[in-house]
Structure formats: structure tokens, C-alpha cells
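In this note's numbering, the protein residues as written are 15 to 632. Even for Gly, the Cβ is constructed at its ideal location relative to N, Cα and C. All values derive from a computational prediction rather than experimental measurement. Written below as C-alpha cells is the structure these notes are about.
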Amino acid sequence: MKLTMSQALVLFLKNQFVERDNKKNAFFSGVWGIFGHGNVTGIGQALEQDGELKHFLPRNEQAMVHAAAAYAKQNRRLKTFACTSSIGPGATNMITGAAGATINRLPVLLLPGDAFNRRNVSPVLQELEHPTNQDLTVNDCLKPVSKYWERITKPVQLIDAVSEAMSVLTDPVLTGAVTLALPQDVQTESYDYPEDMFAEKVWIIPRMLPNKKSFQETTELIKNSKTPLIIAGGGIIYSDAETALIDFSNKTGIPVAETQAGKGSIPWNHPHCLGAIGVTGTSSANILAKKSDLVICIGTRLSDFTTASKTLFQNKDVKFIGMNVSLDDASKHSATTLVGDAKVCLVKLAELLQRDNFQVHEKYSREIIALNGNWAKEVDRIFTLNNEPLISQGEVIGLVSDFMSDEDTVVCAAGSLPGDMHKLWRTANGNQYHMEYGYSCMGYEIAGGLGIRLAKNDGDVYVMVGDGSFLMMNSEIVTALQEKLKLIILLINNHGFASINGLSISLGSKGFGNLYRYRDQESGKYTGKELPINFSTIAKSLGIEANKVQKRDELVRALDEARKNSYSTLIEVFVDPEIRVPGYESWWNVPVAEVSEMPAVVQARTDYEKKLKDEREF
15 MKLTMSQALV LFLKNQFVER DNKKNAFFSG VWGIFGHGNV TGIGQALEQD
65 GELKHFLPRN EQAMVHAAAA YAKQNRRLKT FACTSSIGPG ATNMITGAAG
115 ATINRLPVLL LPGDAFNRRN VSPVLQELEH PTNQDLTVND CLKPVSKYWE
165 RITKPVQLID AVSEAMSVLT DPVLTGAVTL ALPQDVQTES YDYPEDMFAE
215 KVWIIPRMLP NKKSFQETTE LIKNSKTPLI IAGGGIIYSD AETALIDFSN
265 KTGIPVAETQ AGKGSIPWNH PHCLGAIGVT GTSSANILAK KSDLVICIGT
315 RLSDFTTASK TLFQNKDVKF IGMNVSLDDA SKHSATTLVG DAKVCLVKLA
365 ELLQRDNFQV HEKYSREIIA LNGNWAKEVD RIFTLNNEPL ISQGEVIGLV
415 SDFMSDEDTV VCAAGSLPGD MHKLWRTANG NQYHMEYGYS CMGYEIAGGL
465 GIRLAKNDGD VYVMVGDGSF LMMNSEIVTA LQEKLKLIIL LINNHGFASI
515 NGLSISLGSK GFGNLYRYRD QESGKYTGKE LPINFSTIAK SLGIEANKVQ
565 KRDELVRALD EARKNSYSTL IEVFVDPEIR VPGYESWWNV PVAEVSEMPA
615 VVQARTDYEK KLKDEREF
């Protein structure tokens with residue numbers, strides 16, 4: 015078939031399918047793209063001519079990658095989008111989104127335009143000229159944030175490149191952002207492609223099962239433990255293993271703590287659910303983690319937020335089991351590895367333990383119940399503070415959490431909200447809570463909400479976003495408007511970067527450079543009046559409804575109205591920045607200046623050095 019390279023690429027993408035558990039679906043649901051001189055006559059022409067592979071028009075290239083990644087996450091990595099850009103700033107705008115996708119192990123295909131492969135017209139508009147490397151373009155910046163990267167310099171090269179790209183995108187271990195850089199002249203060149211290239215291709219997502227010896231080792235470790243603890247990560251969600259996890263916990267009595275990505279693996283009101291673990295963890299999870307003699311890590315990469323910078327597990331005899339599709343992740347903390355799919359591993363492990371009638375000791379069960387009871391009281395306290403004149407952030411989380419149905423989804427990414435939500439949100443299932451916390455990227459929230467909305471047929475999508483993140487990227491409100499996609503956006507207004515401001519103060523500084531205030535002309539510091547930013551007006555100017563609230567009853571009424579509407583709504587919630595949700599039994603390694611003229615910093619450094627002694631060597 016004689017086609018341009020771009021036409022061949024579009025036709026190929028349409029015929030890629032994935033299958034897991036005998037369920038098959040198209041892998042690509044469409045292409046996001048802003049067209050410029052680097053892709054309009056190539057990919058743009060091919061999409062227009064095809065007319066079947068749906069095109070989505072974003073307002074920012076970073077945002078479209080966020081939307082694609084969120085869509086992939088909500089679809090448990092079984093569906094995604096491709097994203098195309100022009101050369102130059104369009105391509106470099108995608109870098110942040112690509113980093114987020116790769117860090118969070120989410121498949122997204124990037125198709126940036128590139129400089130001419132035929133250099134006789136160089137330098138073309140937006141081309142980076144490098145004095146010692148003429149093959150270097152801005153797309154090389156995407157190499158470190160891509161799991162696979164290739165520049166298509168000839169149309170024939172596409173045949174192998176797209177198959178290699180698909181093998182990475184559909185691999186649960188390797189997946190992340192995949193980049194095919196497409197020189198704008200090559201996009202329009204033709205080749206007689208083999209018809210077999212465009213036959214329907216089904217990529218099977220297998221459920222890996224470890225060998226017998228691995229199961230024997232892990233079973234013995236669990237049977238010999240007295241205070242075992244499960245850490246449920248995103249791998250539980252991606253493998254559809256929630257039911258298997260609940261069954262395993264029911265049969266063994268082993269409690270479950272959750273990472274950000276794993277939140278919702280087990281319902282919040284399950285008697286064995288400890289909630290969040292780590293830096294942003296609950297008191298019940300972190301207290302048990304400190305004494306646990308066996309930590310069963312399922313589908314988690316054990317980031318510093320999960321391990322409290324390796325200070326959380328204080329039992330000198332603690333052992334680890336790593337259950338993960340990735341050997342690298344499974345072997346962290348010198349763990350005994352169970353390399354395989356979470357769902358099949360949990361089912362098999364439950365079967366083996368049941369043969370020996372394994373159950374945690376009754377004393378441990380009573381401790382779990384008692385700690386969970388204490389934590390429930392603390393959450394209720396935070397949810398019902400009735401703070402005046404402004405509501406607290408914890409109360410907002412409580413009201414929205416209670417208001418949402420099981421079919422709804424909440425999305426968040428950065429600032430103080432993720433930590434508070436991790437602790438407090440009462441999650442019913444794995445589809446209800448969507449947090450981007452691998453990269454914790456400000457600006458992800460609205461774009462991510464758009465991707466989630468495209469992935470869901472039922473329920474509402476609630477976007478929790480701080481004022482700082484909103485100002486970084488709110489343009490996809492327009493895309494939601496254009497596509498008639500409903501979002502309920504809760505903008506938490508605390509007049510600045512409150513999260514990092516609080517961190518700064520807690521470590522001896524004074525919140526330098528974090529608040530949205532006028533500069534004082536005498537001191538030169540940002541200590542003047544608060545900036546009069548009217549976020550509701552901004553939202554209305556972009557075409558959606560908006561209102562302002564600062565009290566509990568006002569927020570309840572606004573939520574009720576937003577739910578009844580068929581269109582997007584922004585609710586600007588003024589919160590008291592001084593009323594913060596505390597930390598519980600945890601520490602995060604944030605280095606403090608070793609030398610300082612500020613007494614509070616000197617004291618913070620002393621405290622820091624003491625805490626460093628609690629860090630484990632694994």
C-alpha cells in the first residue's frame with residue numbers, strides 16, 4: 015500500500031488491540047494534537063483523511079499528555095491516546111507530561127514533529143542549531159523521560175519502529191511514555207508498505223505466575239510472622255486485584271495499608287483497612303508499620319513517601335516480601351521476591367496459607383481494630399471542626415468525600431491536598447480515587463480530570479486543585495467546554511503555595527517566596543496585601559459556571575447544585591491556611607541547611623540530624 019509515513023502510522027494505530035483475561039479492546043482511543051508547521055501536513059493530513067481515529071484539540075501540549083496519562087490510568091493501562099505536536103515549543107511542552115507518564119508507569123505515545131531530515135533548507139523555523147552535533151534536535155530532550163525513543167529518518171523505518179514502540183507500551187514492566195520523533199519532511203514522504211503491517215494486531219497482557227520455590231519461601235515467611243502488614247500499591251489497581259486482596263486479607267487477617275496509587279485497593283470501612291501509609295499516612299498504619307516483623311509489598315515501588323524516607327520500619331528483625339511484575343521493584347529493601355501479577359499471586363498465596371489454616375494472632379487483630387477505631391475518631395474530628403469564619407481544608411475533604419457516590423472519581427496531584435486526601439479520603443473502590451503523585455505535577459489536575467471524564471461513562475469527576483496549580487494550567491477548561499464534558503472543579507484558595515510554605519516554616523524558615531501577596535516597597539519582600547485574584551471570574555470567562563463559598567453550608571449547597579447540572583462548574587472555596595491536617599507517626603527527609611544565621615534553622619538542623627539516625631540501610 016503506497017502511503018505517506020503519517021498515513022501508514024495512523025492506519026497502524028487503528029489496528030492495535032490489547033487483550034487480558036479474554037477481554038479485547040482497541041488500545042488507542044484517538045489522537046490529541048495541536049497542529050503546527052511540523053505536523054499539520056503530515057499527521058494532521060493523515061488524521062483528516064482517515065476520519066475514524068478521533069482527534070482531540072487541547073490548549074496546551076503538556077496538558078494533552080496529562081489527559082492521555084490520566085485516561086490510561088483510569089483504564090488500568092489497557093487504553094491510551096497518542097499525542098502529536100509541532101516541532102519546537104510544541105514538542106518541548108510535552109516533556110513534563112512525558113516525565114509524569116513514565117514515572118507513574120502509564121502508556122502514552124508521543125509523536126512530536128521534528129526538524130527536516132533533509133538538511134539543505136536548515137535551519138528551519140524553531141530548529142535548534144548545535145555547533146558539534148547536527149543530528150541533535152529539541153526532541154532529544156524527550157530521551158530521558160521516554161521508555162522508548164526513536165527518530166524516523168526514512169518512511170521504511172516506521173515498520174519496525176511502531177512494533178517496537180507497541181511492545182514497550184503494552185508491557186506492564188516497561189511501559190511509560192514512548193516517543194517517535196517525526197521529521198516534518200519524512201512525515202509526508204511515501205512508501206509502498208506491506209499490507210500485513212495493517213492487519214489487526216492483538217497484544218496479549220499476560221498474568222505472570224512465579225515459580226513454586228518463590229511461593230514456598232514467601233508462604234513460610236508469612237506463616238512465621240507475628241505482625242505482618244500489607245502495603246497495597248498501584249499494581250493492585252492495574253491488575254484488577256482488589257477482590258483478590260480483600261479475600262486474602264479476610265482469610266489471613268493481615269491488615270492493608272495503601273500508597274497513593276494503591277488507595278481504594280480495599281474499601282475504607284473494611285475492618286483490616288489501615289488507610290494511607292508513610293509520610294502522609296494514618297496513625298494506625300504507621301504505628302503498625304513501626305512494629306511489623308513482615309511487610310508484604312504488593313505492586314509498589316516503595317517511594318520515600320511510602321517508607322517515610324526509610325525510617326518507618328523500626329523492627330530490627332523486619333523482613334520484606336516484594337510482589338511485583340517488575341523484579342527491580344520486587345527486590346527493593348532486600349525483599350524475598352514474588353515476581354508476578356498481583357491478582358494471580360494473591361489467589362495462589364491465599365490458597366497455600368489456607369491449607370495451613372494461617373491467621374494472624376487474635377491479640378494482633380484486636381490491636382488493628384483498636385487503632386482503626388482511634389483513627390476513625392481523629393478523621394471525624396477533622397471533618398467536623400466547624401472552623402469559622404473560613405472552613406478548613408480537612409472539612410472540605412470530608413464534605414466532598416461524603417458527598418461523592420461510589421461511581422464518582424476525584425482527581426488531584428500537587429500541593430497540600432494530596433497529603434491530606436491520602437490520610438483522610440474515605441475511598442470506596444479503586445476507580446474512585448485518582449492521584450498523580452509519582453511526579454506530583456502542578457497543573458495536572460484539570461487536564462487529568464478531562465482524561466478521566468473521557469474514560470468514564472458513569473458518575474461525576476471532581477477535580478481538587480489548589481490556587482497555585484490552577485494558575486499554572488487551567489486552559490483545558492476550554493477543551494472540556496468544547497467537548498461538552500462535565501467537570502466539577504473545587505478550587506481551594508489559600509492565597510499561595512501553602513504546602514511548601516508550611517514545610518518551609520516547619521524547618522526553621524519563614525515561608526520565603528510562597529504567598530500570593532504584593533511586594534512591600536520598603537522591605538522588598540512579599541508581605542503586602544493579598545493579590546485580588548478572582549478565580550471565579552476567570553472560570554466564567556472561559557465559559558463555565560462558577561461561585562464562591564467559605565462556609566460548610568455554602569459548600570454543601572454548591573456541591574448539590576453542581577451535581578444536578580449537566581455542565582462544568584468551578585467552586586472556589588476559601589479555606590483557613592492556618593488550620594492544617596497534622597502528620598502522624600512519620601518523617602520525611604528534607605535536608606536542612608548545615609550552617610545558618612537563623613536560630614530556628616539551626617534548631618531544625620539539630621532535629622534533622624537526630625532523625626537521620628532512624629534511617630535504615632537496606
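Counting C-beta pairs with one atom in each stretch, the segment 91-98 and the segment 111-129 have three or more that are closer than 8 angstroms, which means they touch. Distances from the CA of D420 to each of V475, Q407, T398 were compared; the closest alpha carbon is that of V475. Taking C-beta atoms under 8 angstroms as the contact rule, L67 and V24 qualify, at a distance of about 6 angstroms. The beta carbon of G267 sits closer than 6 angstroms to those of Q373, V374, S379, all from its chain and outside the five residues before and after it, given in chain order.
If you ignore the 5 residues before and after K554, its C-beta comes within less than 6 angstroms of the C-beta of A560, all in its own chain and listed in chain order. The beta strand (DSSP E) runs of length 3 or more contained entirely in the segment 35-93 are, from start to end of the chain, 37-40, 42-47. G249 places its beta carbon less than 8 angstroms from that of T314. Taking 8 angstroms as the cut-off, the Cβ atoms of L243 and V309 count as close. At a Cβ-Cβ threshold of 8 angstroms, S228 and L352 count as neighbours. Taking the Cα of V587 as reference, the smallest distance to any Cα among M211, H509, T151 is reached at H509. C-alpha of S345 to C-alpha of L142: approximately 42 angstroms in a straight line.
When the beta-carbon positions are compared, C311 and I335 come within less than 8 angstroms of each other.
Residue Y458 holds the alpha-carbon nearest to the alpha-carbon of M486 among Q140, M478, V159, Y458. By the neighbour-count definition (other C-beta atoms within 10 Å, threshold 16), R566 is a buried residue. Apart from sequence neighbours up to five positions away, the residues of its chain that approach N118 with a beta-carbon distance below 6 angstroms are G452, ordered along the chain.
If you keep only unbroken alpha helix (DSSP H) runs of at least 4 residues inside the segment 497-521, you get 512-520. When only Cα atoms are considered, L172 and I166 end up about 6 angstroms apart. With respect to G597, T441 sits apart: the two C-beta atoms are not nearer than 8 angstroms. When C-alpha distances from S20 are compared across T541, H80, K168, the shortest belongs to K168.
Burial check for R133: the Cβ neighbour count within 10 Å stays below 16, so the residue is exposed.
Around the beta carbon of I218, fewer than 16 other beta carbons lie within 10 angstroms, which makes this residue exposed.
For L243, the enclosing beta strand (DSSP E) has its first and last residue at 242-246. Look at Q30 here: in three-state DSSP terms it is strand.
Residue pairing by DSSP puts A271 in a beta bridge opposite I245, G289. In terms of Cα proximity to Q140, the closest of V152, K324, S550, T296 is V152.
Following the DSSP letters along the chain, one finds N107 inside the alpha helix (DSSP H) bounded by residues 103-117.
Taking 8 angstroms as the cut-off, the Cβ atoms of L499 and R467 count as close. Under the DSSP assignment, R619 falls in the alpha helix (DSSP H) whose first and last residues are 613-626.
Around the Cβ of M612, a 10 Å sphere holds fewer than 16 other Cβ atoms; the residue is exposed. Look at H436 here: in three-state DSSP terms it is helix. In the DSSP annotation of this structure, N131 is not part of any alpha helix (DSSP H), being labelled neither H nor E.
A distance of 8 angstroms or more separates the beta carbons of G463 and Y85. L363 sits in a helix when the DSSP states are folded into three classes. For W389, there is no enclosing beta strand (DSSP E); the enclosing alpha helix (DSSP H) covers residues 376-397. Taking one beta carbon from each stretch, the segment 183-200 and the segment 52-72 have 3 or more pairs nearer than 8 angstroms; the two touch. Straight across, the Cα-Cα distance linking T116 with G525 is about 32 angstroms.
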